[in-house]
Amino acid sequence: MSRPVTLIGADYSVYSRICRLTLDLKGVPHAFERLDVFAADGRTRARQAGQPFGKIPVLRHGALTLFETLAITRYIDEQFDGPALQPANPADRARMNQIISIVDTSAYPVLVWGLHVPRSETREPDPGMLDKGRAVLDALEALTQGTWLCGDVPTLADAYLAACTDYILDSAAGSHFANHCPRLQDWWTRAQALPKAQ
Ligand SMILES: N[C@@H](CCC(=O)N[C@@H](CS)C(=O)NCC(=O)O)C(=O)O
Numbered sequence: 002m003s004r005p006v007t008l009i010g011a012d013y014s015v016y017s018r019i020c021r022l023t024l025d026l027k028g029v030p031h032a033f034e035r036l037d038v039f040a041a042d043g044r045t046r047a048r049q050a051g052q053p054f055g056k057i058p059v060l061r062h063g064a065l066t067l068f069e070t071l072a073i074t075r076y077i078d079e080q081f082d083g084p085a086l087q088p089a090n091p092a093d094r095a096r097m098n099q100i101i102s103i104v105d106t107s108a109y110p111v112l113v114w115g116l117h118v119p120r121s122e123t124r125e126p127d128p129g130m131l132d133k134g135r136a137v138l139d140a141l142e143a144l145t146q147g148t149w150l151c152g153d154v155p156t157l158a159d160a161y162l163a164a165c166t167d168y169i170l171d172s173a174a175g176s177h178f179a180n181h182c183p184r185l186q187d188w189w190t191r192a193q194a195l196p197k198a199q
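Each residue of the sequence shown is one higher than the one before, starting from 2 at the first, in the working numbering.
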C-alpha cells in the first residue's frame, strides 16, 4: 500500500501553491491540510508540523517530513511516477533553475511583498520598488522560450511562476507584465489552465 501524501499549507501562500501545483502536475493524489501561518498561533503550529522557521509549506510522505519548497518539489518529481518536471537537457535545466531562483530571490520579495501586498493594504510601495519589479519581469521575459517557460512541457519553473502570477498582475507591475512582456503574457494564457492549486 502506498504511503499517504499530505501537504500542509494555505491557499493564499505562494510556496504552498508551488507544491500543490507540482503534486498536481505530477499526478500525485494527496491531502491538503490548511494551516494559516499568519494566525496568532500559525508560526507555532508550523514549527510543530516540522518547519523549524515557523513557515509553510510542509510535506508529509508516510513517516518522512520535508520543508523548503526547493527540496519538496524536487522530491515530488524524483520520488513519484508521472511526467518529468525537470528537463534532462543541462541548458534547459539551468534555465529552469534560473527562473526558480529569480522567483525565490526577486519575484516573491519584490513583486509579491514589495508591490502586491502594499496595494492590497492600500499603501504606497517603497521608493524604487516598481523599477525593481519591472526589471524582474524583464529578466523573466528574456528567459521565457517555447510553449512553456523552459520548452514543450511544464517544469518546476512553471509551477513557481504560476503560483505568484495572480499576485503580480494585481500589483503596480501588472501593467508592465500585460504591456511589455508578450512571451509571459502568452505563457500565462496557457498556465491558467494548469491544474488549479487553490
Ligand atoms: N524558504 C521557504 C519559504 C516559505 C515561506 O516564506 N512561506 C511563507 C508563506 S508563502 C510563510 O510561511 N511566511 C510566514 C512568515 O514568513 O512568517 C520555502 O521555500 O518553503
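Built from N, CA and C at the ideal position, the CB exists for glycine as well.
Assigned secondary structure, residue i (DSSP; H/G/I helix, E/B strand, else coil)
i, result
"Leu1", "Shown here, the chain extends from 2 to 199; a query on residue 1 therefore has no answer."
"Val59", "strand"
"Leu71", "helix"
"Gly152", "strand"
"Phe33", "strand"
"Gly138", "A quick correction: the sequence has Leu, not Gly, at residue 138. Helix."
"Phe178", "helix"
Rounded C-alpha distance that separates residue i from residue j
i, j, result
"Thr106", "Asn98", "12 Å"
"Glu34", "Asp82", "23 Å"
"Glu142", "Ile57", "28 Å"
"Gly10", "Pro53", "14 Å"
"Trp189", "Cys151", "14 Å"
"Arg96", "Arg191", "19 Å"
"His181", "Lys133", "15 Å"
"Ser17", "Leu8", "8 Å"
"Val137", "Pro155", "21 Å"
Residue range of the unbroken alpha helix (DSSP H) whose run includes residue i
i, result
"Thr7", "Segment 6-10 is the beta strand (DSSP E) holding Thr7; no alpha helix (DSSP H) there."
"Leu170", "157-170"
"Ala50", "43-50"
"Pro183", "183-192"
Per DSSP, the bridge partner or partners of residue i
i, result
"Gly146", "Going by the sequence as given, residue 146 is Gln instead of Gly. Answer by DSSP bridge pairing, in chain order: Cys151."
"Leu65", "His62"
**OP:** Counting only runs of 4+ residues fully inside the stretch 89-135, write out the alpha helix (DSSP H) ranges in chain order.
**Re:** 91-103, 118-121
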